[in-house]
Amino acid sequence: MSGRGRLALCAWAATLMAACALLPLVEPVTWIVQAAFLLGVQTVVGAATRRIPLGRPLTVAAQALVTLVMLTLIFARDQAFLGLIPGPGALGHFGDLLRQGSDDIARYAIPAPLASEGIKLMVFGGVLIVGLVVDALAVTFRSAAPAGLPLLALYSVAAGLSEGHGDWFWFLIAAIGYLLLLLAEGRDRLSQWGRVFGGAARSAGLDSGPVAPVRTGRRIGVASLGIALVVSAVLPSMNGGLLDATGAGVGAGNGSGGTISAVNPLLSLRDSLNVDEDRQVLSVRTQSSDTSDLYLRIVSLDDFDGRTWKPSKRSIGAVPKDFPTPIGLGSDVNRTEVKTTISAANWYEQSYLPMPYPPSGVQVRGNWRYEPEGMALVGDHGQNTRGLTYEVKSLDVEPTAEQLAAAPAAPPAIEREYTDLPDSLPAVVTRTAREVTAGAKNPYEQAVALQDYFAVTGGFEYDTQVQVGDGPNAIANFLRDKQGFCVHFSFAMAAMARSLGIPARVAVGFAPGTPQADGSVSVGLKDAHAWPELYFEGVGWTRFEPTPTRGTVPSYTVPDATGNVDPGVARPSAGSSTAPSASASASENCSPQLRKLQACDSASPAAAAAEGGDGPWWAVQGPWWYLKLLFWLLVGLLVLSVPSAPMLWRLRTRAVRLGGHGRSAEGAAAHTLAAWQELTDTAWDFGIPPDDS
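Following the working numbering, the numbering of the sequence shown begins with -3 at its first residue and continues without gaps.
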């Protein structure tokens, strides 16, 4: 391997070793393998352009272009020209993702999930930019010492966001990478001086030639590394996490006051649905005779900015002994108080307490705070659900269809806050909502029509492989493609309900789990769910279920419902309603009413999607996306090489003619003739015919 090749390899390794400092901040840690591949492509492109050879600025430009194309293929394929060439749409999408990533960093605790496309772009884009600068400085411009600045910047960002545990280890890894880069450059620089012939032989204890400076440089590097480790261990670290800016509570004890910015759990929801093993999260025991409606709510999302739904900043206070009556619930609505005991798994760490809604009281250990608007409990000073057992008293509210249909208008304050929509919402969302609800006589009938459109009549399919999506067109794309999972269905229905003037928000938690032989209910990762809640005066916040094959359809949304399901129709069990089945399709004659009650033995949309594959063969997605990316990069290089083949051949011929080093007389003569031929060919290129003499 040539000296410059070794230098390029060390630059790749130094960047990757500095990027390891980000490993504690995001999960899963397998992203480092993908980053290594992308950095490798960037390094190979640089090595290839330097061998042609191109000018130094052109080499850096070629690497930057390939880096942009790789990021476009991964993050902005749909917005790029021909799915490959970045344009204004792709660059605008990058800006949207970066803004989303900034919001997600402010909400998520360490480690943040890479399911967030914004955080993922920040990680991969940052590592690739640092890699480009390091390669340009150390290899292209042969100045490795300044390359330590971008490496230090990458480590400093990670150290500033981490909680200070093990920072010295990641510093050691990054420092070793930088030291290797310096040693590689020193060796390459000294080797260019050739051999040193020093006359008389020296004693065995004395070094000669370039060996002594190299060994001296190694000693200096090792000593500097040791001093840096000692200094980093003595200096105070920067404690904190991704959420410290907003906090998870204010103070301990039973005082009141303060605010909370809730953690948005949506980005990890799809990962939970796609796990290979459905691990138990919660074990539930309840006094309720019917567990098919036992939804466990974590947090509500009420702030819609046009790109996504997220929790608002709310006031929190001490946990009351008895919770107040839920907002909007009238005295004439039938309700039953139910006690439920919930035990969380030892590995499940959630800063919000999963509870049936609406809760009327909680007995729980630890530091918890009460958020009255969503009737939620949030952990204070790092409190979470890990290994916790607690008892919740909740109300099983049973409104009738008549009560919901006769509900008066919501109070102005609630209507103003929960019907707010951004100007960027595509017009197709409101237009579709009006078309679907045409003929509805009241907000209740409009809500039922929206639920039926998504769950029964609209032709939508449940598919957990679909991206969550962001930006103002995410809901419009979902209405067009008609594929998604609970996040898409709940987001779309809540936005469409708001466009009709119905107060709406999105709840995140768990759908009913699976009944066990001992009488308990097991709630697993794949029961993670999101659903819309609509407000009706006299009833309060009311659950709807637009997601096909998930959860249970509320009895008050069944035609001619009086609070109970029609006894002539068999109600599905909780086990059959909470997990999509991959069984073969049954008869297509199943009525919409039976489909609405999930009493049809039909294949799930997820199974149909699985049979159809994960998309077109050429799409850069799936577990082997990096091989597809490499394939398309090779195809692109092949296409570009066709028009540039004559130039490349001419440059190669020139390099061969001028690069020969003959040690013998015959070799020197051959090299002289080749150089003369190159001189005459160059003269012809400039229009100067050679003299016959």
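Idealized CB from N, CA, C, for every residue including glycine.
#### Entry: 8 Å contact criterion, which L446 and P550 should meet: CB distance rounded
Translated into positions along the sequence shown, residue 446 becomes position 450. Translated into positions along the sequence shown, residue 550 becomes position 554. Not a contact, Cβ separation roughly 13 Å.
### Query
Do you know how far the Cα of L292 is from the Cα of G83?
Residue numbering aside, residue 83 sits at position 87 when the sequence shown is read from its first letter. Residue numbering aside, residue 292 sits at position 296 when the sequence shown is read from its first letter. If you take the alpha carbons of G83 and L292, they lie about 44 Å apart.
### Query
Under the rule that 16 or more other beta-carbon atoms within 10 Å means buried, what is T332, buried or exposed?
Here residue 332 refers to the residue found at position 336 when the sequence shown is read from its first residue. With fewer than 16 other Cβ atoms within 10 Å, it is exposed.
### Query
Quick one: what does DSSP say I294 is sitting in, helix, strand or coil?
Numbered from 1 along the sequence shown, position 298 holds the residue referred to as residue 294. In the displayed model, I294 falls within a strand according to three-state DSSP.
### Query
Would you call the CB atoms of S417 and I48 closer than 8 Å?
For the purposes of this step, residue 417 is taken as the residue at position 421 of the sequence shown. For the purposes of this step, residue 48 is taken as the residue at position 52 of the sequence shown. Sequence check: residue 417 is Leu here, not Ser. Cβ atoms of L417 and I48: not closer than 8 Å.
### Query
Which partner residues does E394 have in the DSSP bridge list?
Numbered from 1 along the sequence shown, position 398 holds the residue referred to as residue 394. Beta-bridge pairing links E394 to N330.
### Message
Any beta carbon of chain B sitting closer than 8 Å to that of T304?
### Response
This model lacks chain B altogether, as it is built from one protein chain only.
### Query
Do E23 and P107 have their C-beta atoms within less than 8 Å of each other?
Taking the sequence shown and counting its residues from 1, one reaches residue 23 at position 27. Taking the sequence shown and counting its residues from 1, one reaches residue 107 at position 111. Cβ atoms of E23 and P107: closer than 8 Å.
### Task
Within its chain, find whatever has a CB closer than 6 Å to the CB of P619; leave out the 5 residues flanking it on each side and keep chain order.
Taking the sequence shown and counting its residues from 1, one reaches residue 619 at position 623. Here the model assigns P619 a pLDDT of 48, short of 50, so the residue's position is not dependable and the matter cannot be decided.
### Query
Hey, out of S(-2), S339, R650 and A149, whose CA is closest to V519's CA?
As a working note, residue 519 is residue 523 in the sequence shown. When only C-alpha atoms are compared, the closest one is S339.
### Query
For Q379, does the three-state DSSP call read helix, strand or coil?
Here residue 379 corresponds to residue number 383 of the sequence shown, with the count starting at 1. Looking at Q379 - three-state DSSP - the assignment turns out to be coil, as it is neither helix nor strand.
### Message
Need the endpoints of the alpha helix (DSSP H) that R430 sits in, please.
### Response
Taking the first residue of the sequence shown as 1, we reach residue 430 at position 434. Counting along the chain, the alpha helix (DSSP H) containing R430 begins and ends at A423 to V432.
### Task
Pick helix, strand or coil for T282, following the three-state DSSP scheme.
Taking the first residue of the sequence shown as 1, we reach residue 282 at position 286. The answer is strand: DSSP assigns T282 an E or B state.
### Task
Name the residue from V123, P528, D99 and Y174 whose alpha carbon lies nearest to the alpha carbon of A134.
Within the sequence shown, numbered from 1, the residue matching residue 134 stands at position 138. The shortest C-alpha separation from A134 is found at Y174.
### Query
For the segment 367 to 381 against the segment 407 to 415, are there 3 or more C-beta pairs whose distance is under 8 Å?
no
### Local conformation of G36 per DSSP, three classes
Position 40 of the sequence shown, counted from the first residue, corresponds to residue 36. G36 falls in the helix class under three-state DSSP.
### Message
Three Cβ pairs or more, each shorter than 8 Å: is that satisfied between the segment 506 to 526 and the segment 276 to 291?
### Response
yes
### Query
In whole angstroms, what separates the C-alpha of V126 from that of L147?
Mapped onto the sequence shown, residue 126 falls at position 130. Mapped onto the sequence shown, residue 147 falls at position 151. Computed Cα separation, rounded: 7 Å.
### Rounded separation between F532 and W27 - CA only
Working through the sequence shown from its first residue, we reach residue 532 at position 536. Working through the sequence shown from its first residue, we reach residue 27 at position 31. Distance between the alpha carbons of F532 and W27 is about 46 Å.
### Query
Contact between the segment 521 to 536 and the segment 419 to 436: three or more CB pairs below 8 Å?
Contact between the segment 521 to 536 and the segment 419 to 436 is absent: fewer than three C-beta pairs spanning the two stretches fall below 8 Å.
### Query
What's the gap between the Cα of P563 and the Cα of F474?
Indexing the sequence shown from 1 puts residue 563 at position 567. Indexing the sequence shown from 1 puts residue 474 at position 478. For P563, the predicted structure reports a pLDDT of 37, less than 50, and the residue's modelled location is therefore unreliable. A value from the coordinates is still provided. Roughly 35 Å between the two C-alpha positions.
### Task
Ignore the nearest five residues each way along the sequence and tell me which others in I323's own chain have a CB closer than 7 Å to its CB.
For the purposes of this step, residue 323 is taken as the residue at position 327 of the sequence shown. The residues G536, in chain order, have a CB closer than 7 Å to that of I323 in the same chain once the five nearest residues on each side in sequence are set aside.
### Task
Could you tell me which residues DSSP puts in a beta bridge with Y531?
On the sequence shown, position 535 is the one that residue 531 refers to. In the DSSP output, where bridge partners are listed per residue, Y531 has W537.
### Query
Counting along the chain, where does the alpha helix (DSSP H) carrying W8 start and finish?
Within the sequence shown, numbered from 1, the residue matching residue 8 stands at position 12. Unbroken alpha helix (DSSP H) run through W8: G(-1) to A15.
### Task
Can you have a look at W672 and say buried or exposed, based on whether 16 or more other CB atoms are within 10 angstroms of its CB?
By 1-based counting over the sequence shown, the position of residue 672 is 676. The residue in question, W672, is exposed, as its Cβ has fewer than 16 Cβ neighbours within 10 Å.
### Residues that R365 bridges to, as DSSP identifies them
Position 369 of the sequence shown, counted from the start, is the residue given in the question as residue 365. Paired residues: V374.
### Query
Exposed or buried, what is L61 when buried is set at 16 or more other beta-carbons lying within 10 Å of its beta-carbon?
Within the sequence shown, numbered from 1, the residue matching residue 61 stands at position 65. It is exposed - the Cβ of L61 has fewer than 16 other Cβ atoms within 10 Å.
#### Entry: Closest Cα partner of W8 within the set V130, G505, A372 and A58
Along the sequence shown, one-based indexing puts residue 8 at 12. The residue from V130, G505, A372 and A58 with its alpha-carbon nearest to that of W8 is V130.
#### Entry: Candidates C16, A526, V388 and A341: closest to N380 by CA position
Along the sequence shown, one-based indexing puts residue 380 at 384. The residue with the shortest Cα to Cα distance from N380 is A341.
### Query
Are V502 and F481 closer than 8 Å when you measure CB to CB?
Your numbering for residue 502 matches position 506 in the sequence shown. Your numbering for residue 481 matches position 485 in the sequence shown. Against a cut-off of 8 Å, the Cβ pair of F481 and V502 comes out as no contact.
#### Entry: Cutoff 6 Å; reference A403; Cβ partners in own chain excluding five residues on either side
The sequence position of residue 403 within the sequence shown is 407, counting from 1. Excluding positions up to five away in sequence, the list reads F532, E533 and G534.
### Task
Assign V119 to one of three DSSP states: helix, strand, or coil.
For the purposes of this step, residue 119 is taken as the residue at position 123 of the sequence shown. DSSP places V119 in helix when its eight states are reduced to three.
#### Entry: Own chain residues within Cβ distance below 7 Å of V713, not counting five before or after
No information on residue 713 is available, as it lies outside the stretch -3 to 689 that the chain covers here.
### Message
Just to confirm before moving on: does the CB-CB distance between T55 and G42 stay below 8 Å?
### Response
In the sequence shown, counting from the first residue as 1, residue 55 sits at position 59. In the sequence shown, counting from the first residue as 1, residue 42 sits at position 46. Their beta carbons are under 8 Å apart, which means T55 touches G42 by this criterion.
### Task
Specify the secondary structure class of Q59 as computed by DSSP and reduced to three states.
As a first step, residue 59 is located in the sequence shown; it is residue number 63 there, counting from the start. Of the three classes helix, strand and coil, the one that applies to Q59 here is helix, per DSSP.
### Task
Quick one: give me the first and last residue of the beta strand (DSSP E) that F77 is part of.
Here residue 77 is taken as the residue at index 81 of the sequence shown, counted from 1. Looking at the DSSP string, F77 is not in any beta strand (DSSP E), and its letter there is neither H nor E.
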